[in-house]
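Remarks on the structure that follows.
There are 2 protein chains.
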Amino acid sequence: MERLVVNSSLQSYTIYMEEKSRFKIPKLLKKEYSSILIITDTNVAKLYSNDIVSSFPHDKVYVVVVDAGEQTKSLDTFYYLHTKAIEYGLDRESLIIALGGGVIGDLAGFVAATFMRGIDYVQMPTTILAHDSSVGGKVAINHEKGKNLIGSFYPPILVLYDTDTLKTLPAREVRSGFAEIIKEAMLADSDLFDRLMSVSLEGLTLEALNLFIYSGLQIKIKLVEADEKETGNRKFLNLGHTLGHALEAKLGYGVLTHGEAVAIGLLFMIYVSERELGASLPTETLIKWFKKNGYINPLTLDMVDELVEIILHDKKTVNQKIQMILLRNLAGPIIQPLEAKKLKSYLQGFIVDGISKR
Amino acid sequence: MERLVVNSSLQSYTIYMEEKSRFKIPKLLKKEYSSILIITDTNVAKLYSNDIVSSFPHDKVYVVVVDAGEQTKSLDTFYYLHTKAIEYGLDRESLIIALGGGVIGDLAGFVAATFMRGIDYVQMPTTILAHDSSVGGKVAINHEKGKNLIGSFYPPILVLYDTDTLKTLPAREVRSGFAEIIKEAMLADSDLFDRLMSVSLEGLTLEALNLFIYSGLQIKIKLVEADEKETGNRKFLNLGHTLGHALEAKLGYGVLTHGEAVAIGLLFMIYVSERELGASLPTETLIKWFKKNGYINPLTLDMVDELVEIILHDKKTVNQKIQMILLRNLAGPIIQPLEAKKLKSYLQGFIVDGISKR
Ligand SMILES: NC(=O)c1ccc[n+]([C@@H]2O[C@H](COP(=O)([O-])OP(=O)(O)OC[C@H]3O[C@@H](n4cnc5c(N)ncnc54)[C@H](O)[C@@H]3O)[C@@H](O)[C@H]2O)c1
Ligand SMILES: NC(=O)c1ccc[n+]([C@@H]2O[C@H](COP(=O)([O-])OP(=O)(O)OC[C@H]3O[C@@H](n4cnc5c(N)ncnc54)[C@H](O)[C@@H]3O)[C@@H](O)[C@H]2O)c1
Ligand SMILES: [Zn+2]
Ligand SMILES: [Zn+2]
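Quick mapping for you: the protein sequence lines, in order, are chains B and W.
Residues 1 to 358 (our numbering) are what the first sequence spells out, left to right.
Residues 359 to 716 (our numbering) are what the second sequence spells out, left to right.
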C-alpha cells in the first residue's frame, strides 16, 4: 500500500493508495463513529457502494445516491444531502464518506464542512481526476454564475484511493483525469511531462496509471502544504483553469468534462505565455498528444464576450484584473495579472489562429 | 474604548466596544479591501447603514438589505447574498460587514465563510443578544428541520460594538438579549447573577447596560477560548438552549424571540437540575424576575411530543442521547446525557407543575 501524508495546519491526513482497499475502510479509521453516511452518484453506486457498506460490521451505515454529473454540485443537492443527514440521525460524531469523482468529493466534502458546523469525512476518489480534487481540502458547490464559488477549506481525515475502481472508468473520464496530471507535470516536473507525452491512453496498464497518479499526487501535495489557503503558490494549480472553468460554465456543465475544458485551457495558457513572456514551450507535442488521444475543442469566436465576462467573476479575479497562471518555461509557473481587454484579444487570437484546432 | 481580545487557533481578533464607533471603522481595519459589502436588515438599514457607508472614503461600498427576523437565516437568503456578492464584483480581497443582530451576524458570517471559500468579515452587533452571537466564530443558517444546522466555525477579523445603537432597540429585544446575559451569569458568575436580579429592564441606563454586556462578553470569551470547536466546555453556552431552540423551531421563528425561548429553556433546565442532581438554585428569584420584566411563556402540554422530536435531531444529541447542560449549583454547569423518554416526562412535569407559569 502506498502511503502519502498531507500536512495541514487545520488537520494532517494520510492518503492510502491501494487496489481493493475499499473493502477495508473500518481498519483505517482511528475512532468509532456513531453513524456513517456514504454519499455517491448513480454510476458509482451501482459499482461500488455495496462493497463499502458490507465492509462495516455495524448497521448504522447509510447510502445516499445523487445524480451523476457536474449539475449535481448545486445548492439544491447540497440542501437535500443535509436533509438526508438529519433524517438518518447523523450527529457530530458521525462520518461522511465521499465515494466518487471530484463532483462527489467537492459536494460531500462541503456537506461535511457545514453539517452541524463540520463533521469528519473521508475522500474515496474513484476517478483519475479525483486524485487532484480529493487532496488539499478544497470543497465547494457551484453558483449559477460560476464554478466552485460557494465553498470552504475543509480537509478530510483520510483519503482512500482504491485504484482498482479506475478500471471501470469510461475513456472520456480517463482523458479528463490525464489533463490534470499533465497540468501538474507542466507546473513542476518536466520529466513527468515527457513520460506522459510518450504514452497513449488506450491500452495503458493499471500499473503505469498508478505511477502517473502517484507522481501527480506528490506535486499536488507539495503545493498544498506550502500554501494551504491559496494565498500564494497554490494558485499555480489553477494552470489552464482560467479558460477551463469559464468554458464549463458557458457550455453548460456536462458538455465538456472538467479535464477536457482544462486541456483547452492549457493550450490557451501556452498561447498567452508565448506572447506575454516569450516563453518557448512544447506546444506542438502537446497539441499532437491531445489530438491523438481524442480531446475535443468546441471553442468558437462568438463565445469570446461571454467567456471574458465569466472569467471576470471568477475567484481568480482581483481588483478586476485576471490573475492568470502562465509558464516562463516548463516547470516555471508565474502569476500574471491581465486586463480583461488583453485577455479578450488573446482569446480571439487563439481561436482565429486555430492553434487549438491543429 | 473598551478592548477585549479573543484568542483563536484559527485567527485572533479584537472586540472594540465604544459608543459612536460606527463612524470610524476604516481606521480599525488593518488592510485595504478591494470592495466592501455591508449586509444588514430592514430595521437596522434605516437607522445605521448610512453612517457606515459614509465613514468610508472610497466608493466600492455596497449595501444589501434583507428582511428582518429569524426567517431570513435561510438557504434562500444565503444564496441571494452570494448572488449579490458576485454581482457587485466582490473578490477574495473584499470584506463583508455584518451590521445587525444575531440573525445578520450568523447569516452574513456564513456567507463570508463560504464566499470563494472564505473572505474577511467584521461583526457589528446592534442588539444586546448579539454580544453573544458576534463572538466565538459560530456562523450558520437554519434548516427547516432545525436551527443552525448548516454552518461553520469562522471567526471575524474584528468585532465592533457601538453600544449607542442599542438605544433604538425595542423592549422585547432588550428582554431577549438579557436572557443570554443571565445564562452567562448562571454559568460562571453568581455575583453577576445577583446584580442582574436586582435591576429592572425598564429605565436601565446605557452605562449599566454596558457593564452587563461587558461582563457577559468576558464569560463568553473565556469559554470560547478554552474550547473553540465546542468539543468540551464551550457546550455550556447551550445552557437553556435544548428546549429554547426546539421551542423556536416548533412555534415558527418570530413568535418568540431567541432570548424569550432561552428564558423558558433556563427555567426548564433548573427544573431538571433540581430533580436530576438535587441542585438547589435561585428558582423563585428567577421566575419572579422574568415575570416582572414581561417574559412570556406559551408552552402547553400538546407541544411535548413534537418538541422532543425536534430535540432529538438537534446538534446537541449524540447517539440518540440528549446532551443537556444542567447546573449542580450556580456557576457549576455539567453536561448530562438524558434519554428521550426521561426528557419527555420532565417536560410534561414542567408544564403541569406550572413552574413556568407562576
Ligand atoms: N477540490 C479540488 O481541489 C478540485 C480539483 C480538481 C477538480 N475538482 C472538481 O472535480 C470535478 C470533476 O471531477 P470528476 O472529473 O471526477 O467528475 P465526476 O465526479 O463527475 O466523475 C466523472 C464521471 O465518472 C463517473 N465515475 C466516477 N467514478 C467511476 C468509476 N470508478 N467507474 C465508472 N464511472 C465512474 C461519474 O459517475 C461521472 O459520471 C469538478 O467539479 C471540478 O471542479 C475539484
Ligand atoms: N453565533 C452564535 O454564537 C449565536 C449565539 C446566540 C444567538 N445566535 C443567533 O442570534 C439570533 C438572534 O439574534 P438577535 O436576537 O439579535 O435577533 P435579530 O438579529 O433578529 O434582531 C432582533 C430584531 O431587532 C432589530 N434590531 C437589531 N438591531 C437594532 C437596533 N439597534 N435598533 C432597532 N432594532 C434593531 C432587528 O431588525 C430584528 O427585528 C438567532 O438566530 C440565534 O440563533 C447566535
Ligand atoms: Zn481542475
Ligand atoms: Zn442563544
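Ideal placement from N, C-alpha and C gives every residue a C-beta, glycine not left out.
Which first and last residues belong to the alpha helix (DSSP H) in which P26 of chain B is found? 25 to 28
Legend entry - Beta-carbon separation (whole angstroms), L277 of chain B vs R328 of chain B, contact threshold 8 Å: 5 Å
*So L326 of chain B and S273 of chain B are in contact, right, with Cβ under 8 Å, and what is the actual spacing, rounded?*
4 Å
* Asked: For S492 of chain W, which residues in chain A fall below 9 Å Cβ to Cβ?
  -> No chain A is part of this structure, whose protein chains are labelled B and W.
**OP:** Find the nearest neighbour of M116 of chain B within the set W:H489, W:S491, W:F511, W:G459, judged by alpha-carbon distance.
**Re:** W:F511
- Task: Please determine if the stretch 308 to 320 of chain B and the stretch 210 to 219 of chain B are in contact, where contact requires at least 3 C-beta pairs separated by less than 8 Å.
- Result: no
- Task: Return the residue from the list B:G137, B:A85, B:D41 that minimises the CA-CA distance to V122 of chain B.
- Result: B:G137
Checklist entry - L705 of chain W: which of W:T600, W:T372, W:I373, W:G617 sits nearest, CA to CA? => result W:T600
For the beta strand (DSSP E) that contains A340 of chain B, what are its first and last residues?
Counting along the chain, A340 of chain B falls outside any beta strand (DSSP E), though it belongs to the alpha helix (DSSP H) covering 340 to 352.
Would you tell me roughly how many angstroms separate the C-alpha atoms of L81 of chain B and K385 of chain W, rounded to the nearest one? 43 Å
Q. What residues in the stretch 392 to 404 of chain W bring their beta carbon closer than 7 Å to a beta carbon of chain B?
A. S392
T114 of chain B: contacting residues in chain W (beta-carbon distance under 7 Å)
I508, G509, S510
Under a three-way DSSP split, which group does D585 of chain W fall into? coil
Exercise. Provide the residue span of the beta strand (DSSP E) that contains F115 of chain B, from first to last.
Key: Premise fails: F115 of chain B is in no beta strand (DSSP E) and is neither H nor E.
Notebook entry, point to check: What residues of chain B sit near V676 of chain W, judged by a beta carbon separation below 9 Å?
Noted result: S34, D91, R92, E93
Margin query: My output table needs one value for I157 of chain B: the three-state DSSP class, helix, strand or coil.
Written below: coil
If the cut is a Cβ gap below 7 Å, which residues of chain W does Y79 of chain B touch? L433
**Request:** Confirm the yes/no value for this check: CB of K388 of chain W, any heavy atom of ligand 1, distance under 7 Å.
**Result:** no
V66 of chain B: which of B:Q336, B:Y88, B:A108, B:N293 sits nearest, CA to CA? B:A108
Point to revise | Residue nearest to D409 of chain W in terms of C-alpha spacing, selected from W:I373, W:E390, W:I383, W:Q429 | key: W:I383
> How about T127 of chain B: is its C-beta nearer than 8 Å to some C-beta of chain W?
Replying inline: no
- Message: So, at 6 Å on beta carbons, what are the nonlocal neighbours of V411 of chain W in its own chain, with the 5 sequence-adjacent residues on each side left out?
- Response: V419
Anyone know if the C-beta pair for G612 of chain W and G427 of chain W falls short of 8 Å?
yes
Query raised in the report: Which whole runs of the alpha helix (DSSP H) in the stretch 364 to 435 of chain W are 4 residues long or more, in chain order?
Result: 383 to 386, 408 to 411
- Taking only beta-carbon positions, decide if H599 of chain W is within less than 8 Å of chain B. no
Under 9 Å (Cβ pairs) to chain W, residues found in the stretch 233 to 264 of chain B: none
query: What is the C-beta distance between Y95 of chain B and M124 of chain B, in whole angstroms, given that I count them as a contact (C-beta under 8 Å)?
result: According to the sequence shown, residue 95 of chain B is Leu rather than Tyr. Between M124 of chain B and L95 of chain B the Cβ distance is about 12 Å, and since that is not below 8 Å, they are no contact.
Give every residue of the same chain whose Cβ lies closer than 8 Å to the Cβ of T658 of chain W, excluding the five residues on either side of it in the sequence, and list them in chain order.
-> I709
Using the three-state DSSP reduction, which class does I325 of chain B fall into: helix, strand or coil? strand
Please state whether the Cβ-Cβ distance between V5 of chain B and V224 of chain B is less than 8 Å. no
Taking 7 Å as the cut-off, is the beta-carbon of V480 of chain W closer than that to any non-hydrogen atom of ligand 4? no
Between A179 of chain B and E260 of chain B, which are expected to be in contact by the criterion C-beta below 8 Å, what is the C-beta distance as a whole number of angstroms?
7 Å
Mind pulling the chain B residues with CB within less than 9 Å of T441 of chain W? H143, E144, K145
6 Å Cβ shell around L307 of chain B - same chain, five flanking residues per side excluded:
A246, K250
*Please list the partners that K138 of chain B has in chain W, where partner means a Cβ-to-Cβ separation under 9 Å.*
R475
Practice task
Count the other C-beta atoms from every protein chain shown that fall within 10 angstroms of the C-beta of D464 of chain W, then say buried if there are 16 or more, exposed otherwise.
Solution key: buried
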